[in-house]
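Numbers 9 to 90, taken from the numbering used here, label the letters of the sequence shown in order. Data block below; observations after.
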Amino acid sequence: MPTLYVEKVPEQLYEALRARARANRRSIAAETLSLLEASVPTSADLKRRTALLKQAEKIRKSQPKGGSGSSAEAMLREDRER
């Protein structure tokens, strides 16, 4: 597994990271790794996101366009007219 070294970390950032690690009961290294995993998508993450976007687009295209109740605004108007 590769090792990453970071130099010249601003003092305030380091202290914030240390406080966060302490609050999460982790080492600074473990907290940094956790933040990187949450923030930097891997190629597998990007593939999953792309698949989800395609699926959402397919669902959106399959829904009927226009008509009563197609939007929140239309639903409110319809309800007020009752």
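We put the beta carbon where it would ideally sit given N, CA and C, even for glycine. A quick note: this is a predicted structure, and the numbers were derived from the prediction, not measured.
Asked, Found
"Quick check: what's the CA-CA separation for P18 versus R56?", "35 Å"
"Rounded to whole angstroms, what's the CA-CA distance from R30 to P10? Just pull it up for me.", "25 Å"
"What are the boundary residues of the alpha helix (DSSP H) that T40 is part of?", "36-47"
"Cα separation between S76 and L61?", "With a pLDDT of 49 at S76, under the threshold of 50, the predicted position of this residue should be treated as unreliable, though the coordinate-derived value follows. Rounded to the nearest angstrom, the two C-alpha atoms are 26 Å apart."
"Using beta-carbon positions only, say whether L113 and E39 come within less than 8 Å of one another.", "Outside the shown range of the chain (9 to 90) lies residue 113, about which nothing can therefore be said."
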